[in-house]
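Peer 1: All residue numbers for the sequence shown refer to this note's numbering, where the first residue is 114 and numbers rise by one. Quick reminder that beta carbons are idealized off the backbone N, C-alpha and C, glycines included. Sharing a structure here in structure tokens format.
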Amino acid sequence: MHIISIVRRSCPGSLLEVCMPKPNIVFIYSDQHRGDAVGCAGHPVIKTPHLDRLGSEGVVFSQCYTNGPICMPARATMMTGQYVREHGVWQNIVEADQRGPSHVRNVRDVGYHTALVGKTHLYTHTGGTKSQEKTAILENWGFVDIQEMHGPHASGTNKSQYSDYLEELGLWETHRDYVVRSKTRLEEGRARAWEDPPCPLPSESHLDSYTGRTAAEWVRDYDGDKPFYLQVLFPGPHNPFDSPQEYRDMYSMDDIPVGIMDLPREPYPKYIVRSLFRAGDAKTMTEEEKKQLVINYYAKITLIDTAIG
114 MHIISIVRRS
124 CPGSLLEVCM
134 PKPNIVFIYS
144 DQHRGDAVGC
154 AGHPVIKTPH
164 LDRLGSEGVV
174 FSQCYTNGPI
184 CMPARATMMT
194 GQYVREHGVW
204 QNIVEADQRG
214 PSHVRNVRDV
224 GYHTALVGKT
234 HLYTHTGGTK
244 SQEKTAILEN
254 WGFVDIQEMH
264 GPHASGTNKS
274 QYSDYLEELG
284 LWETHRDYVV
294 RSKTRLEEGR
304 ARAWEDPPCP
314 LPSESHLDSY
324 TGRTAAEWVR
334 DYDGDKPFYL
344 QVLFPGPHNP
354 FDSPQEYRDM
364 YSMDDIPVGI
374 MDLPREPYPK
384 YIVRSLFRAG
394 DAKTMTEEEK
404 KQLVINYYAK
414 ITLIDTAIG
């Protein structure tokens, strides 16, 4: 089975089939992942051996920037190929028009079996909504085979096949209680991310581990006649930074660079400065606390890298 991450062909129109057979495509992306937080980008500390191998065997786009700094605008751009000003999704309470452009629909229409595993966030999440209830939206975007999970915060209040999995193991309430406590602290302005406790679940039951394992099982089990296009949408390393303790133990405080400690004031707009200064007591964060926050974050990225491997 031949799988590539990104493919582009120069064959004209109907000659595509003649030029070469269509490869299977796996499109992996993570959520709230810094562009430099991967070893193949030259990072001196972070442990991402599997992503590094992909980078060494392919192309690393070092000058690629997101068109939207928050979730739904960025995802709408990835789906439609449009700038934010074109698709109109300026914030996380606005949904893109399902009748608009869709690269997934285009891929489906040229003969691919389209599938997804993970978090899409192509629609607004309301309390209690089960992901299976939103399948029609994702079908409109062009997906045929759908296994959707919610993001880290929504996964504790909105049901999905992940919550079904945790319920079978007797772990749902443990996960829900952790997420609810984290969301409450965030909403009350007390989201001191360096204090995020490690995931209370076994590492193999973490949301990102489950996403990676489910995607791998899908690839192994696929026996269709069409080539497939699979999106693997990891919910992490989005906060809460609930990395398992065994992954945090891979990092040492002594190896973590302190970086910039002073929050910016000028020339940024005042509303941006205000949002930074009320983000979980960041203005009083010590060097040791910042290092712990970074470890919690890096550990979650390494967890995802393990799932990819």
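(1) Using only the heavy atoms of the ligand ATP, determine whether one of them is closer than 7 Å to the beta carbon of D375.
(2) For Y410, which residues from the same chain have a beta carbon less than 7 Å from its beta carbon, with the 5 sequence-adjacent residues on both sides left out?
(3) Please report the distance separating the alpha-carbon of C153 from that of T161.
(4) If we call anything under 8 Å between Cβ atoms a contact, is N137 one with F341?
(5) Could you pull out every unbroken beta strand (DSSP E) segment of at least 3 residues lying fully inside the segment 133-165, listed in chain order?
(6) Helix, strand or coil: how does DSSP classify I116 here?
(7) Spell out the partners DSSP gives F341 in its beta bridges.
(8) Roughly how many whole angstroms lie between the Cα atoms of A329 and V207?
(9) Considering only residues of the same chain and omitting the five flanking positions on each side of E252, which have a CB-CB separation below 8 Å?
(10) Are the beta-carbon atoms belonging to I417 and D321 less than 8 Å from one another?
(11) So what does L346 bridge to, in DSSP terms?
(12) With a Cβ-Cβ cutoff of 8 Å, do T297 and P313 count as a contact?
(13) Let me know the secondary structure DSSP gives E261 once reduced to three states.
(14) Answer with buried or exposed for M133, where buried requires no fewer than 16 other C-beta atoms within 10 angstroms of its C-beta.
(15) Taking DSSP as the reference, what is the three-state secondary structure of P315?
(16) My assumption, with CB atoms under 8 Å, is that W307 sits in contact with K403. Please give the rounded CB distance.
Peer 2: In brief:
(1) Questions concerning the ligand ATP fall outside what the structure shown contains, since it holds no ligand whatsoever.
(2) For this step, residue 410 is matched to residue 297 along the sequence shown. P350 and F354, listed in sequence order.
(3) In the sequence shown, the residue the question calls residue 153 occupies position 40. In the sequence shown, the residue the question calls residue 161 occupies position 48. Approximately 8 Å between the Cα atoms of the pair.
(4) Residue mapping note: residue 137 aligns to position 24 of the sequence shown, counting from 1. Residue mapping note: residue 341 aligns to position 228 of the sequence shown, counting from 1. In this structure, F341 lies closer than 8 Å to N137 by Cβ.
(5) 137-144
(6) Numbered from 1 along the sequence shown, position 3 holds the residue referred to as residue 116. A caution first: I116 carries a pLDDT of 40, below 50, which makes its placement in the model too unreliable to give a value.
(7) On the sequence shown, residue 341 is found 228 positions in, with the first residue counted as 1. Note: F341 sits in a beta bridge opposite H226.
(8) Residue numbering aside, residue 329 sits at position 216 when the sequence shown is read from its first letter. Residue numbering aside, residue 207 sits at position 94 when the sequence shown is read from its first letter. One C-alpha to the other measures close to 32 Å.
(9) By 1-based counting over the sequence shown, the position of residue 252 is 139. Once the five neighbours on either side are set aside, the close Cβ partners of E252 are I259.
(10) On the sequence shown, position 304 is the one that residue 417 refers to. On the sequence shown, position 208 is the one that residue 321 refers to. Yes. Within cutoff.
(11) By one-based count along the sequence shown, residue 346 stands at place 233. In the DSSP output, where bridge partners are listed per residue, L346 has Y142 and G231.
(12) Taking the first residue of the sequence shown as position 1, residue 297 is located at position 184. Taking the first residue of the sequence shown as position 1, residue 313 is located at position 200. No, the Cβ-Cβ distance between T297 and P313 is not below 8 Å.
(13) Here residue 261 corresponds to residue number 148 of the sequence shown, with the count starting at 1. It is a strand residue.
(14) Counted from its first residue, the sequence shown places residue 133 at position 20. Exposed.
(15) Stepping through the sequence shown from its first residue, residue 315 is reached at position 202. Three-state result, P315: coil.
(16) Indexing the sequence shown from 1 puts residue 307 at position 194. Indexing the sequence shown from 1 puts residue 403 at position 290. About 7 Å; that satisfies the 8 Å criterion.
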